[in-house]
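K.L.:
Counting from 1032, one number per residue, gives the positions in the sequence shown under our numbering. For each residue, glycine too, the CB sits at the ideal point set by N, CA and C. Given the structure is predicted, the values throughout are model-derived calculations rather than measurements. Take a look at the following structure, please.
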Amino acid sequence: MSATRPSAGPELMLPGLREVYAAYVREADALPALPGPLQAEVWTSARLGGLEAAAPHAQGRRAALGDLVTCLRAAATPGARAFLRALAAIGPAEVRRAAGRAAGALADVPAAAWEDALGRVVPGQVWLIQEGPLDGDRLVCEFRYAEAGTAGLHALAVRLSHGDVPAELVIVGDVPALLGAARQAMQAELCVVQPYDPAAVGRRLRAALAGGADLPEECYPALPLARHRAALLPGG
């Protein structure tokens, strides 16, 4: 598709989505006020997941991501800078470098307080929760933000159904509450909770999350962030 350059904005590869990009730019105004990097990454993941659900083919998705970076760079607002930094940190590999360059061009735009922490997480304990033969495996992978201590603890929880197809993707902010509830259920003999090999989980999750066409619709908001976290697990 040939690009056009209407006077309303920058040149785009998919000009028919201009209003979609404009809506994302407007929504990004609320991004710098979020309390921390996890909330910002969850916010960003939801927008990226929406784009992927709307443009499931790789070529169209790459074009949409490039257009989004172009529109954010042109907006040059604090929210646009924060969005670009988040894209550079946890977005798909094909957009990270371009997003980082675009954010770097906005050096005079105020930065969000948590900007430097985006994507800087380290993996921790991994748990396998099995509730029944028909429920599949629920994998809970703990992560912490570098230099944030327990305040940065969170988890990726993925339920894999038959054939390791993702049935549920959740980013968990209160890990102790999640594991506490799981252990109570285990005491009631409703499930089994046990530590699991992080390398084995890393391989399973990266393979399971690589696609996306067959995922339930409710999985898309967490999918980009889930891929980022899975890529940090050992076993690659």
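Per DSSP, which one or two residues make a beta bridge with W1158?
P.N.:
According to DSSP, which records beta bridges pairwise, W1158 is partnered with V1171, P1226.
K.L.:
Taking buried to mean at least 16 other C-beta atoms within 10 Å of its own C-beta, is G995 buried or exposed?
P.N.:
For the chain, the structure presents residues 1032 to 1267; residue 995 sits outside this window and is missing.
K.L.:
With a 10 Å radius around its C-beta and 16 neighbouring C-beta atoms as the bar for buried, classify L1221 as buried or exposed.
P.N.:
The residue in question, L1221, is exposed, as its Cβ has fewer than 16 Cβ neighbours within 10 Å.
K.L.:
Which stretch, first to last residue, makes up the beta strand (DSSP E) that contains E1199?
P.N.:
That run of the beta strand (DSSP E) goes 1197-1203.
K.L.:
Quick one: Cα of E1125 to Cα of V1206, how far?
P.N.:
Each residue's Cα considered, the two are about 31 angstroms apart.
K.L.:
Compute the Euclidean distance between the alpha carbons of P1213 and P1154, then round it to the nearest angstrom.
P.N.:
Note that residue 1213 is Ala in the sequence shown, not Pro. Roughly 20 angstroms between the two C-alpha positions.
K.L.:
Pull up the distance between the alpha-carbon of T1075 and that of G1194, whole angstroms please.
P.N.:
Spanning the two alpha carbons is a distance of roughly 29 angstroms.
K.L.:
Based on DSSP bridge pairs, tell me the residues matched to H1185.
P.N.:
F1174, per the DSSP bridge assignment.
K.L.:
Whose C-beta lies closer than 6 angstroms to the C-beta of A1188 among residues of the same chain, with five residues either side of it excluded?
P.N.:
Contacts found: V1171, V1201, V1203.
K.L.:
In its own chain, which residues sit with a C-beta less than 7 angstroms from the C-beta of A1224, not counting the 5 before and 5 after it?
P.N.:
In the sequence as presented, Ala is not what sits at residue 1224; that position holds Val. So the qualifying residues of the chain are W1158, I1160, A1213, R1214, M1217.
K.L.:
Under three-state DSSP, which class holds V1140?
P.N.:
In this structure, V1140 counts as coil in the three-state DSSP scheme.
K.L.:
Would L1096 and A1133 qualify as a contact pair, given that the criterion is a beta-carbon distance under 8 angstroms?
P.N.:
Going by C-beta atoms, L1096 is not nearer than 8 angstroms to A1133.
K.L.:
Answer with buried or exposed for A1061, where buried requires no fewer than 16 other C-beta atoms within 10 angstroms of its C-beta.
P.N.:
Label assigned to A1061: exposed.
K.L.:
By a C-beta neighbour count over all protein chains shown, 10 Å radius and 16 as the cutoff for buried, is H1088 buried or exposed?
P.N.:
Exposed.
K.L.:
Whose C-beta lies closer than 8 angstroms to the C-beta of R1235 among residues of the same chain, with five residues either side of it excluded?
P.N.:
Around R1235: L1170, L1191, D1195.
K.L.:
Between the Cα of A1182 and those of A1148, A1198, P1197, V1232, spot the shortest distance and give me the residue it belongs to.
P.N.:
Comparing Cα positions, the closest option is A1148.
K.L.:
Within the same chain, show all residues whose beta-carbon is closer than 8 angstroms to that of L1137, passing over the 5 residues directly before and after it, in chain order.
P.N.:
Counting only Cβ-Cβ distances below 8 angstroms, and skipping sequence neighbours, we find R1104, A1107, A1111, R1112, L1115.
K.L.:
DSSP three-state label for R1151, please.
P.N.:
In this structure, R1151 counts as coil in the three-state DSSP scheme.
K.L.:
Could you tell me the distance, in whole angstroms, from the CA atom of D1098 to the CA atom of P1265?
P.N.:
Distance between the alpha carbons of D1098 and P1265: 33 angstroms.
K.L.:
How is L1118 classed by DSSP in three states: helix, strand or coil?
P.N.:
Of the three classes helix, strand and coil, the one that applies to L1118 here is helix, per DSSP.
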